[in-house]
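Student: The following block contains the structure, expressed as structure tokens.
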């Protein structure tokens with residue numbers, strides 16, 4: 001695995017964890033947000 005692959009994997013892992021925490025925060029704060037599916041990876 002080269003460095004670019006490692007960076008992509010790290011960013012993808014971070015985004016996955018962050019998005020779960022962000023959605024949980026939005027639910028508890030009462031903020032509504034569209035949950036529109038996308039075709040691209042967030043990372």
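Residue numbers (UniProt numbering): 1 to 43.
We put the CB at the ideal spot given by N, CA and C, even for glycine.
1. Tell me which residue opens and which closes the alpha helix (DSSP H) that residue 39 is part of.
2. Along the chain, where does the alpha helix (DSSP H) that runs through residue 9 open and close?
3. If we ignore side chains and look at the alpha-carbon of each, how far apart do residue 39 and residue 16 end up?
Tutor: In terms of the structure at hand:
1. On the chain shown, residue 39 is found 39 positions in, with the first residue counted as 1. Neither: residue 39 is in no alpha helix (DSSP H) and is coded neither H nor E.
2. Looking up residue 9 in the chain shown gives position 9. It spans 3-29 - the alpha helix (DSSP H) in which residue 9 sits, taken as one unbroken run.
3. By one-based count along the chain shown, residue 39 stands at place 39. By one-based count along the chain shown, residue 16 stands at place 16. When rounded, the distance between both Cα atoms is 15 Å.
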